[in-house]
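Enquirer: Protein chains in written order, with the working numbering: chain L, 214 to 556; chain H, 214 to 556. Cβ atoms here follow ideal geometry from the backbone N, Cα and C, with glycine treated the same way. The structure is given below, and queries will be raised subsequently.
2 protein chains.
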Amino acid sequence: MELSQRKEKILAAVVEHYIRTGEPVGSKTLLSALDITVSSATIRNEMAELAALGYLEQPHTSAGRIPTNEGYRYYVDNLMGVRPLDESVKRQIEAGVSLKNASPEAILAKASEFLADMTDCAAVSTTPSGENATIKRIEFVPVGTRTGMIVLLTSTGVIKSKVCRSDVDLNSSMIEKFYNIVKASFIGLPLDEIDTATLQTLVASMGADALTMIPFVSAVSELAQEAMRTMVMLGGQSNILRYREDYGTTAYELMDFLRRGEPISQLLANSKADFDVKIGGENKFKQLENSSVIMAHYNIDGDNRGSIGIIGPTRIDYASLIPSVRYLTDLVGELLTQTLNEE
Amino acid sequence: MELSQRKEKILAAVVEHYIRTGEPVGSKTLLSALDITVSSATIRNEMAELAALGYLEQPHTSAGRIPTNEGYRYYVDNLMGVRPLDESVKRQIEAGVSLKNASPEAILAKASEFLADMTDCAAVSTTPSGENATIKRIEFVPVGTRTGMIVLLTSTGVIKSKVCRSDVDLNSSMIEKFYNIVKASFIGLPLDEIDTATLQTLVASMGADALTMIPFVSAVSELAQEAMRTMVMLGGQSNILRYREDYGTTAYELMDFLRRGEPISQLLANSKADFDVKIGGENKFKQLENSSVIMAHYNIDGDNRGSIGIIGPTRIDYASLIPSVRYLTDLVGELLTQTLNEE
DNA sequence: GTTAGCACTCTTTTGTCGCGAGTGCTAACT
DNA sequence: AGTTAGCACTCGCGACAAAAGAGTGCTAAC
Numbered sequence: 214m215e216l217s218q219r220k221e222k223i224l225a226a227v228v229e230h231y232i233r234t235g236e237p238v239g240s241k242t243l244l245s246a247l248d249i250t251v252s253s254a255t256i257r258n259e260m261a262e263l264a265a266l267g268y269l270e271q272p273h274t275s276a277g278r279i280p281t282n283e284g285y286r287y288y289v290d291n292l293m294g295v296r297p298l299d300e301s302v303k304r305q306i307e308a309g310v311s312l313k314n315a316s317p318e319a320i321l322a323k324a325s326e327f328l329a330d331m332t333d334c335a336a337v338s339t340t341p342s343g344e345n346a347t348i349k350r351i352e353f354v355p356v357g358t359r360t361g362m363i364v365l366l367t368s369t370g371v372i373k374s375k376v377c378r379s380d381v382d383l384n385s386s387m388i389e390k391f392y393n394i395v396k397a398s399f400i401g402l403p404l405d406e407i408d409t410a411t412l413q414t415l416v417a418s419m420g421a422d423a424l425t426m427i428p429f430v431s432a433v434s435e436l437a438q439e440a441m442r443t444m445v446m447l448g449g450q451s452n453i454l455r456y457r458e459d460y461g462t463t464a465y466e467l468m469d470f471l472r473r474g475e476p477i478s479q480l481l482a483n484s485k486a487d488f489d490v491k492i493g494g495e496n497k498f499k500q501l502e503n504s505s506v507i508m509a510h511y512n513i514d515g516d517n518r519g520s521i522g523i524i525g526p527t528r529i530d531y532a533s534l535i536p537s538v539r540y541l542t543d544l545v546g547e548l549l550t551q552t553l554n555e556e
Numbered sequence: 214m215e216l217s218q219r220k221e222k223i224l225a226a227v228v229e230h231y232i233r234t235g236e237p238v239g240s241k242t243l244l245s246a247l248d249i250t251v252s253s254a255t256i257r258n259e260m261a262e263l264a265a266l267g268y269l270e271q272p273h274t275s276a277g278r279i280p281t282n283e284g285y286r287y288y289v290d291n292l293m294g295v296r297p298l299d300e301s302v303k304r305q306i307e308a309g310v311s312l313k314n315a316s317p318e319a320i321l322a323k324a325s326e327f328l329a330d331m332t333d334c335a336a337v338s339t340t341p342s343g344e345n346a347t348i349k350r351i352e353f354v355p356v357g358t359r360t361g362m363i364v365l366l367t368s369t370g371v372i373k374s375k376v377c378r379s380d381v382d383l384n385s386s387m388i389e390k391f392y393n394i395v396k397a398s399f400i401g402l403p404l405d406e407i408d409t410a411t412l413q414t415l416v417a418s419m420g421a422d423a424l425t426m427i428p429f430v431s432a433v434s435e436l437a438q439e440a441m442r443t444m445v446m447l448g449g450q451s452n453i454l455r456y457r458e459d460y461g462t463t464a465y466e467l468m469d470f471l472r473r474g475e476p477i478s479q480l481l482a483n484s485k486a487d488f489d490v491k492i493g494g495e496n497k498f499k500q501l502e503n504s505s506v507i508m509a510h511y512n513i514d515g516d517n518r519g520s521i522g523i524i525g526p527t528r529i530d531y532a533s534l535i536p537s538v539r540y541l542t543d544l545v546g547e548l549l550t551q552t553l554n555e556e
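Given below as structure tokens:
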């Protein structure tokens, strides 16, 4: 749907004004905000047409207009000025995500927290997916007479560790047996091939040693699961209260939605493009019907591996937050690439 | 301050009714709730006296009475029936905290989450304090040409690990050097003696090796800090919205308060008794002035080491939640004792 | 000490009214 | 044909008033 230039100007002004104030905007207000040489009546006519086209709506007859979800969509796709990020904002973001010597989880947790603070929205991120990774290395470190720590390194550079407990005292022959099993059965194996069936056949093939080895073997499998699973990092839930009126009655549902990592990871994984904006009901979760999501994906070694996003009211400030989310996400991608490749 | 038996009965009835309904309770309502053979006028007289004593108040002249913080306090200290926990609730709690083979952090995180769900409040817990612990063991596991994982075990059984990166390729002589330094300088050292000053003298004494060893040594120190620091686990923040009206305008402040672990750990550490209830402004944090806190402390090897608590509105259901929190906390204590002592 | 009765207070609800904001339509103008 | 001025119309909102309802405090009698 193509709009005349003047309609576009009006639509943009309505969207921007409403985003700023949260109040329905009428023809007169618009007249002074717009450097245009027409009368308010003309603007009214144009607005009526925009409403007929579905881009604007009236909360009630005698109020101004507010954008519909389609209105926001048109604004984001066609009208929004993509001014480059301020240098000072860039530097602020750079400071916010810098974290040396930290795990991917810690980096993303901090990034989410920072992004939430910066945008006054709730922020979410997913840890790198380990779907196509294989097991590169497994180590066992005794830390007590019956306790040891298993360390797993994947081909994508993710390191996971887990304390594990044996039913009998550890001795070097057991540890050697463990390494033999690991070498023969695990190294090089794709993470997603370690399921309970594989484990059972493995345990069955061990014969007499099975009993003592089970805690170790199952710990390795748990680690593989963990390394594969993407975790959801969450920040700034309290910011939901900040825009409480905009969320209406869905505020509680929204907070509850945020707690459950699973749907969020679906939400974030659901888009292929470099970055994505979902406005109101555009995503299939009805808890988000009064929310917009701005998300971007980060790459590790050029490979799309995870996402970072913010969730705010539909009248979120798209124009200035989209570039911020994208820039931050790119930075995090670089940082993670670096972290995971250093050996 | 001693109250007559009848006054106590009335106060208890007011508190319990208000906790249940959230509505101010008047003399007639009370009459039907109370199996007492007096008229509403008598109850009015008694309530007027209770108000004069500071245990009840009226939101406005023609409304019923609601308990003051002092009223809740008297109720909790003297009136509240301490019925033992239902067997079914006990079993529910046992199921909620059972987690085999998990780290203390994971156990407490799950316990907080579960407690929040069970009580419809926000729940918090602190990880065991490592204040008096010493370093028992340190291991180094190479996982790449320049990367290794350092594993630290404390005398209290806490295991922490961290990936650490060298500037040059690792070789066995460096690893041996590392173990020498560790043996000589760290093993047996109390965690709180590892500060920057100690580290600097240590690095200074290493002479030429200092440069290559610094990443390792400082990683050990970071691990020691981590093992010492109590972390705050948080669950059920969304439940704050559930009692939004009760928190009034402090709802946002409350959520924000919960995010910052530090004040919460102060709050929880501030009480010596086995368990503790803070009502409204009784704790020094003004973000909690409309909240009550029910907290209990768990013991590891008989030693008070951490706390678990819930934060709700002042009209929280003390009588049934206090036993739940205590029972759960005891269970967690047992579980942690077991986890940390198994070697 | 207890109770019935009653006047009193204060909130809440409902209804009405007028104001103001903003619209849509029509007729005139360019 | 597009634009504009003018005007009647609609609707939400705040103010105000009246009525209803809940609950109290007090007094006088039991």
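#1: If contact means a Cβ-Cβ distance below 9 Å, which residues of the stretch 373-405 of chain H contact chain L?
#2: What three-state label does DSSP hand L:Thr234 in the structure shown?
#3: Taking Cβ positions only, does L:Tyr465 come closer than 8 Å to chain H?
#4: At a CB distance below 7 Å, what residues from the stretch 426-453 of chain H approach chain L? Give them in sequence order.
#5: Threshold first: 4 residues or longer. Then list the alpha helix (DSSP H) segments lying entirely within the stretch 275-337 of chain H, N to C.
#6: Taking the alpha helix (DSSP H) that H:Pro392 belongs to, which residues open and close that run?
#7: Which residues in chain L sit within 8 Å of H:Met331, going by Cβ to Cβ distance?
#8: Along the chain, where does the beta strand (DSSP E) containing H:Leu366 start, and where does it finish?
#9: Confirm, please, whether the CB-CB distance from L:Leu454 to H:Met468 is below 8 Å.
#10: Using DSSP with H/G/I as helix, E/B as strand and the rest coil, what is L:Phe247?
#11: Can you tell me which of L:Val416, L:Met441 and L:Val445 puts its alpha carbon nearest to the alpha carbon of L:Ser431?
#12: Under 9 Å between beta-carbons, which chain L residues line up against H:Val364? List them in chain order, please.
#13: What does the Cβ neighbour count give for L:Val295, buried or exposed, with the cut at 16 atoms within 10 Å?
#14: Going by DSSP in three states, L:Ser374 sits in which element: helix, strand or coil?
#15: So with CB distances below 7 Å, who are the chain H contacts of L:Glu555?
#16: What residues from the stretch 312-331 of chain L come within 8 Å of chain H, judged by C-beta to C-beta, listed N to C?
#17: So which residues on chain L does H:Asp514 lean against when the C-beta distance must stay under 9 Å?
#18: Determine contact between the stretch 274-284 of chain H and the stretch 236-246 of chain H, defined as no fewer than three beta-carbon pairs at a distance below 8 Å.
#19: Return the residue from the list L:Leu244, L:Phe327 and L:Ser342 that minimises the CA-CA distance to L:Thr537.
#20: Going by DSSP, what residue range makes up the alpha helix (DSSP H) through H:Tyr514?
#21: Go ahead and pull the three-state DSSP assignment for H:Leu269.
#22: Pairs of beta-carbons, one from the stretch 490-504 of chain L and one from the stretch 486-499 of chain H, closer than 8 Å: are there three or more?
#23: Measure the alpha-carbon distance for L:Asn512 versus L:Val545 and round it to whole angstroms.
#24: Which of the three DSSP states is assigned to H:Phe429 in this structure?
#25: Quick one: using the 10 Å Cβ neighbour count with 16 as the cut-off for buried, is H:Asn554 buried or exposed?
#26: Please list the partners that H:Arg455 has in chain L, where partner means a Cβ-to-Cβ separation under 8 Å.
#27: Let me see if you follow: with CB-CB separation under 8 Å, is L:Asp459 close to chain H or not?
#28: Find the residues of chain H that neighbour L:Arg472, judging by a C-beta separation of less than 7 Å, and give them in chain order.
#29: Kindly say whether H:Asp469, judged by its beta-carbon, lies nearer than 8 Å to any beta-carbon of chain L.
#30: Taking Cβ positions only, does H:Arg528 come closer than 8 Å to chain L?
#31: Examine chain L for any beta-carbon lying closer than 8 Å to the beta-carbon of H:Arg350, and answer yes or no.
#32: Measure the C-alpha to C-alpha separation of H:Ala464 and H:Asp530 and round it to an integer number of angstroms.
#33: Hey, how far is the Cα of L:Glu389 from the Cα of L:Met362?
#34: Assuming L:Leu402 and L:Ile348 form a contact by the criterion Cβ under 8 Å, report the distance between their Cβ atoms to the nearest whole angstrom.
#35: With distances taken from CA atoms, which of H:Glu221, H:Lys220 and H:Ala246 is nearest H:His230?
Expert: Concretely, from the data shown:
#1: Ser374, Lys375, Val376, Cys377 and Arg378
#2: Taking the first sequence and counting its residues from 1, the one referred to as residue 234 of chain L is at position 21. Note: L:Thr234 maps to helix in three-state DSSP.
#3: Locating residue 465 of chain L in the first sequence gives position 252, counting from the first residue. At least one chain H Cβ lies under 8 Å of L:Tyr465.
#4: Gln450 and Ser451
#5: Counting whole runs of 4 or more residues, the stretch 275-337 of chain H contains the alpha helix (DSSP H) stretches 282-287, 300-310 and 317-332.
#6: Looking up residue 392 of chain H in the second sequence gives position 179. According to the sequence displayed, residue 392 of chain H carries Tyr and not Pro. Ser385 to Ser398 is the extent of the alpha helix (DSSP H) around H:Tyr392.
#7: Here the question's residue 331 of chain H lines up with position 118 in the second sequence. The premise fails here: H:Met331 is roughly 15 Å from chain L at the closest Cβ pair, so nothing lies under 8 Å.
#8: On the second sequence, residue 366 of chain H is found 153 positions in, with the first residue counted as 1. Thr360 to Thr367 is the span of the beta strand (DSSP E), which, as asked, contains H:Leu366.
#9: One-based indexing of the second sequence puts residue 468 of chain H at position 255. One-based indexing of the first sequence puts residue 454 of chain L at position 241. A contact, by the Cβ cut-off of 8 Å.
#10: Start at 1 with the first residue of the first sequence, and residue 247 of chain L comes out as number 34. Here the sequence assigns Leu to residue 247 of chain L, which means Phe is not the residue at that position. Correct three-state label for L:Leu247: coil.
#11: Taking the first sequence and counting its residues from 1, one reaches residue 431 of chain L at position 218. For L:Ser431, the nearest C-alpha among the options comes from L:Val416.
#12: Indexing the second sequence from 1 puts residue 364 of chain H at position 151. Simply Val354, Val356, Met362, Val364 and Ser374.
#13: Start at 1 with the first residue of the first sequence, and residue 295 of chain L comes out as number 82. When all chains shown are included, L:Val295 counts as exposed.
#14: As a working note, residue 374 of chain L is residue 161 in the first sequence. If DSSP states are grouped into helix, strand and coil, L:Ser374 belongs with the strands.
#15: Here the question's residue 555 of chain L lines up with position 342 in the first sequence. Neighbours of L:Glu555 on chain H, chain order: Arg359, Thr360 and Arg378.
#16: Asn314 and Ser316
#17: As a working note, residue 514 of chain H is residue 301 in the second sequence. Here the premise fails: no neighbours, minimum Cβ distance about 16 Å.
#18: yes
#19: Within the first sequence, numbered from 1, the residue matching residue 537 of chain L stands at position 324. With the sequence shown as reference, residue 537 of chain L is identified as Ser, and Thr is not the correct amino acid for it. L:Ser537 has its Cα closest to that of L:Phe327, out of L:Leu244, L:Phe327 and L:Ser342.
#20: Mapped onto the second sequence, residue 514 of chain H falls at position 301. The identity of residue 514 of chain H in the sequence shown is Asp, whereas the question assumes Tyr. That residue, H:Asp514, is in no alpha helix (DSSP H); it is neither H nor E in DSSP.
#21: Stepping through the second sequence from its first residue, residue 269 of chain H is reached at position 56. Note: H:Leu269 maps to strand in three-state DSSP.
#22: no
#23: Indexing the first sequence from 1 puts residue 512 of chain L at position 299. Indexing the first sequence from 1 puts residue 545 of chain L at position 332. Distance between the alpha carbons of L:Asn512 and L:Val545 is about 9 Å.
#24: Taking the first residue of the second sequence as 1, we reach residue 429 of chain H at position 216. If DSSP states are grouped into helix, strand and coil, H:Phe429 belongs with the helices.
#25: As a first step, residue 554 of chain H must be located in the second sequence, where it is residue number 341. With fewer than 16 Cβ atoms within 10 Å of its Cβ, H:Asn554 is classed as exposed.
#26: As a first step, residue 455 of chain H is located in the second sequence; it is residue number 242 there, counting from the start. Residues of chain L passing the Cβ test: Tyr465.
#27: Counted from its first residue, the first sequence places residue 459 of chain L at position 246. Output row for L:Asp459: interface = no.
#28: One-based indexing of the first sequence puts residue 472 of chain L at position 259. In chain order: Ser451.
#29: Counting from one through the second sequence, the residue named residue 469 of chain H turns up at place 256. It does; some Cβ of chain L falls within 8 Å.
#30: Counting from 1 along the second sequence, the entry for residue 528 of chain H is found at position 315. Judged by the 8 Å Cβ criterion, H:Arg528 is not in contact with chain L.
#31: Your numbering for residue 350 of chain H matches position 137 in the second sequence. Yes, contact with chain L.
#32: As a first step, residue 464 of chain H must be located in the second sequence, where it is residue number 251. As a first step, residue 530 of chain H must be located in the second sequence, where it is residue number 317. H:Ala464 and H:Asp530 have their C-alpha atoms spaced approximately 19 Å apart.
#33: As a working mapping, residue 389 of chain L is identified with position 176 in the first sequence. As a working mapping, residue 362 of chain L is identified with position 149 in the first sequence. Taking the straight line joining both Cα atoms gives about 15 Å.
#34: Locating residue 402 of chain L in the first sequence gives position 189, counting from the first residue. Locating residue 348 of chain L in the first sequence gives position 135, counting from the first residue. Confirmed, Cβ separation roughly 5 Å.
#35: Here residue 230 of chain H is taken as the residue at index 17 of the second sequence, counted from 1. Of H:Glu221, H:Lys220 and H:Ala246, the residue nearest in Cα terms is H:Ala246.
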